[in-house]
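Protein chains: 2
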Amino acid sequence: MADALRRRGMAERRAAECALLFAEASRDGVASHGLNRFPRFLRMIAGGVIDVHAAPACVSAAGALERWDGRRGPGNLNARAAMARAIALARTHGIGCLALGNTNHWMRGGSYGWQAADAGTIGICWTNTLANVPPWGAADPRIGNNPLVVAFPRVRGHVVIDMALSQFSVGALTEYAARGEPLPVAGGFDAEGELSHDAMAILASGRLLPVGSWKGSGLAFALDLIAAGLAAGHATHQIPRNPEQETTLSQVFIAIDPSTLAHEDLDRLADAAIAHLTTGEGDVRYPGARTLDIRARSLRDGVEVDPAIWAEVRAAAAG
Amino acid sequence: MADALRRRGMAERRAAECALLFAEASRDGVASHGLNRFPRFLRMIAGGVIDVHAAPACVSAAGALERWDGRRGPGNLNARAAMARAIALARTHGIGCLALGNTNHWMRGGSYGWQAADAGTIGICWTNTLANVPPWGAADPRIGNNPLVVAFPRVRGHVVIDMALSQFSVGALTEYAARGEPLPVAGGFDAEGELSHDAMAILASGRLLPVGSWKGSGLAFALDLIAAGLAAGHATHQIPRNPEQETTLSQVFIAIDPSTLAHEDLDRLADAAIAHLTTGEGDVRYPGARTLDIRARSLRDGVEVDPAIWAEVRAAAAG
């Protein structure tokens, strides 16, 4: 992937970092925003949507709060730089917030949660997206599924949640449809406007269900406004609707450094809370546990790749 | 309500403010955390759970981040003071964050979102609660339904979402059960472990559904850890399980002041986003619209009260 990016003009170190973020997503079990997404990323570079040379720049600052212009650079590099800056602000001010406008899809949102937690900070970040979900009460997409990431650092494995605000992503629905499996919970509406467990019917109607129905619908709208407002960027209704033209996204990155306050044993707290959460009947895992399992398996056995996509990336790296 | 509080030893001005927060909740259509909740509030004062004399105090500070001890004071007064301090921090640092431990139920969470937006700031706050929802994969309650509030200021009406992380609160389920109405979406599991639209069956099993199933389950857990960790307070697993003994809650209040950055017309942005959200087929409202409608009706026609509860409060005010 790094070779393919260099061949398209990306500077050596940036290409390595960008490729690493894709590879880490696949390693952690999120191939949809890892290797499998890479061919589209290259097409969006070729189409002029992503500028491989652009780096984000601060356009307004107020202590612990900053507004940056992503200048349509690679979304994952921009997001990583944004969270790094939020972490630096948190070291100084206890909390730091960076709003990033005019950027591209950040690929796996969880990356920036893990990044914050690896730095010992609490991370909260979200992005808007093109309109891909109908708000509660309508049948046509008017809100984004605006992924929200929340991370809490822990020595024995961070607590990280990375959730799109639709109950299922289009990618997840496609996988259920391909396997012919019913969804475990209703994931949207069929053509008749009935709540449905049929992934195929939901993909056909385009009526994905927001997380929590009216609740996620409202939350996605509010998070969109905050991101666009703080970043002086675009809100969902201003973002191109074609996925391969999706750009000018707005994002918020918040980091909180607990070590700036009087010492508190956060690890003991998290360990105890996880013990209470996971002990007892049923199969309960804490958010982040599955990622560590998949990561360990990948590091031991290698990362599974789709052979067709792998061949496509190898070809892109060669020419 | 203010008279009843004064009779129980609360100082004049604090009693007025505390009563106002209850009254405003009823005025805005949230009687469950307004007047209807007031008798329990008095019982918790009588039981020594709530200390009418206690005011919150800062115990650790780091620039834009502060940790406060709620000293088991009245939860709504503590929360209002906490958001006021977060707003003050945001005026100085762009963003402010206050973590409040050892506090009591904040009653209507939306109050603090409206408070932030009335001050022209973006507000984000959440609280943990006693364990009242089973995490995804279990049948017994181990997580709180940890309400999350997000507010965005707007001249023609703030955008405010106030959402518990269970699909329905116990109060809402009770109302559906009383009316014998089916829930519009699945709200939990019945005794057989099947997803159910039957409020009575869900109340009987105690298996409320987290918003977004596994997603809200993970989010509630992560928000609990952040609140308890930053506040050096209790996490859900440490909070007494009897609702009338529920205390030592942990909360986070974040305010962001967009006016500290270069000027951006947030009102125009919000108006345009709301126009796009609400225009077209179907009945779509922005979060906060319904509150303003109910508020206007209340201010015009008076606030509807439950006669039995009203009589109880009048008796408490008299003696």
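For the record, the sequence lines run as chains A and B. Heads up: the first sequence begins at 2 in the numbering used here, then just goes up one per residue. Heads up: the second sequence begins at 2 in the numbering used here, then just goes up one per residue. Glycine residues also receive a C-beta, built at the ideal position from the N, C-alpha and C atoms.
**Asked** In chain order, what residues of the same chain have a beta carbon less than 6 Å from the beta carbon of B/Ser61, not counting five sequence neighbours either side?
**Response** Arg68
**Item:** Minimum Cβ-Cβ distance from A/Thr128 to chain B less than 7 Å
**Value:** no
**Limits of the unbroken beta strand (DSSP E) element including B/Asn77** = Unbroken run through B/Asn77 is the alpha helix (DSSP H), Gly76 to His94; no beta strand (DSSP E).
**Prompt:** Hey, out of B/Asn37, B/Gly95 and B/Ile144, whose CA is closest to A/Tyr287's CA?
**Reply:** B/Ile144
**Item:** Cβ contact (3+ pairs, closer than 8 Å) linking the region 203-210 of chain A and the region 173-185 of chain B
**Value:** no
**Request:** For my contact list, B/Ala165 and B/Gly124 are in at a C-beta cut-off of 8 Å; report their separation, rounded to the angstrom.
**Result:** So it is not a contact: roughly 17 Å between Cβ atoms.
**Request:** Using a Cβ cut-off of 8 Å, pull out every chain B residue sitting near A/Ala82, in sequence order please.
**Result:** Ordered by position in chain B, no residue passes the 8 Å Cβ test against A/Ala82, which lies about 19 Å from the chain.
**Request:** Assign A/Ile240 to one of three DSSP states: helix, strand, or coil.
**Result:** coil
**Request:** Please check if any C-beta of chain B sits within less than 7 Å of the C-beta of A/Gly35.
**Result:** no
**Request:** Look at the Cβ atom of A/Ala271, then the Cβ atom of B/Leu226, and state whether they are nearer than 7 Å.
**Result:** yes
**Message:** Give me the subset of the region 64-75 of chain A whose CB atoms are less than 9 Å from a CB atom of chain B, sorted by chain position.
**Reply:** Gly64, Ala65, Leu66, Glu67 and Arg68
**Request:** May I have the straight-line CA-CA distance separating A/Ala236 from A/Gly121, to the nearest angstrom?
**Result:** 31 Å
**Request:** Ignoring anything shorter than 3 residues or poking outside the region 109-170 of chain B, list the beta strand (DSSP E) runs there in chain order.
**Result:** 123-128, 149-153 and 160-164
**Item:** Bounding residues of the beta strand (DSSP E) (the contiguous stretch that carries A/Val306)
**Value:** Looking at the DSSP string, A/Val306 is not in any beta strand (DSSP E), and its letter there is neither H nor E.
**Item:** Same chain only: Cβ atoms within 6 Å of B/Gly35, ignoring 5 sequence neighbours per side
**Value:** Phe23, Ala26 and Ser27
**Message:** Please list the terminal residues of the continuous beta strand (DSSP E) segment that includes B/Ser251.
**Reply:** Leu250 to Ile257
**Request:** Look up A/Leu209 in the DSSP assignment and say whether it is helix, strand or coil.
**Result:** strand
**Request:** Examine chain A for any beta-carbon lying closer than 7 Å to the beta-carbon of B/Ala236, and answer yes or no.
**Result:** yes
**Asked** Any idea what DSSP makes of A/Gly1, helix, strand or coil?
**Response** Because chain A here runs from 2 to 320, residue 1 of chain A falls outside it and cannot be looked at.
**Prompt:** CB-CB under 7 Å to B/Ile275, same chain, minus the five flanking residues each way: which ones, in chain order?
**Reply:** Tyr287
**Item:** Start and end residues, alpha helix (DSSP H) containing A/Ser218
**Value:** Trp215 to Ala232
**Request:** Return no unless some Cβ of chain B is closer than 7 Å to the Cβ of A/His94.
**Result:** yes
**Request:** Let me know if B/Pro75 comes out buried or exposed under the rule of 16 or more other beta-carbons within 10 Å of its beta-carbon.
**Result:** buried
**Asked** Roughly how far, in whole angstroms, is the beta-carbon of A/Ala3 from the beta-carbon of A/Ala17, given that I think they are within contact range, below 8 Å?
**Response** 5 Å
**Asked** Taking Cβ to Cβ, would you say B/Leu149 is nearer than 7 Å to A/Gly230?
**Response** no
**Request:** Under 7 Å between beta-carbons, which chain C residues line up against B/Gln168? List them in chain order, please.
**Result:** Looking for chain C here will not work: the only protein chains present are A and B.
**Message:** Taking the straight line between their C-alpha atoms, what separation do you get for A/Gly289 and A/Trp137?
**Reply:** 29 Å
**Prompt:** Could you give the residue range of the alpha helix (DSSP H) that holds B/Ser27?
**Reply:** Glu13 to Arg28
**Request:** Give the residues of chain B in contact with A/His277, contact being defined as C-beta atoms less than 7 Å apart.
**Result:** Arg143 and His238
**Item:** Chain-ordered residues of the region 172-189 of chain B with a beta carbon less than 9 Å from chain A
**Value:** Pro185, Val186 and Ala187
**Prompt:** If you run the structure through DSSP and keep just helix, strand and coil, what is B/Trp107?
**Reply:** coil
**Request:** Flag B/Glu18 as yes when its Cβ comes closer than 6 Å to any non-hydrogen atom of the ligand GDP, and as no otherwise.
**Result:** No copy of the ligand GDP occurs in the structure displayed, which carries no ligand at all.
**Prompt:** Which chain A residues sit within Cβ distance under 9 Å of B/Val285?
**Reply:** Pro135, Pro136, Trp137, Gly138, Ala139, Arg143 and Ser218
**Request:** Could you spell out the range, first to last residue, of the beta strand (DSSP E) harbouring A/Asp70?
**Result:** Leu66 to Asp70
**Request:** Tell me whether A/Gly102 sits in a helix, a strand or coil according to DSSP, three-state version.
**Result:** strand
**Message:** Considering only their Cβ atoms, is the gap separating B/Ala80 from B/Trp107 smaller than 7 Å?
**Reply:** yes
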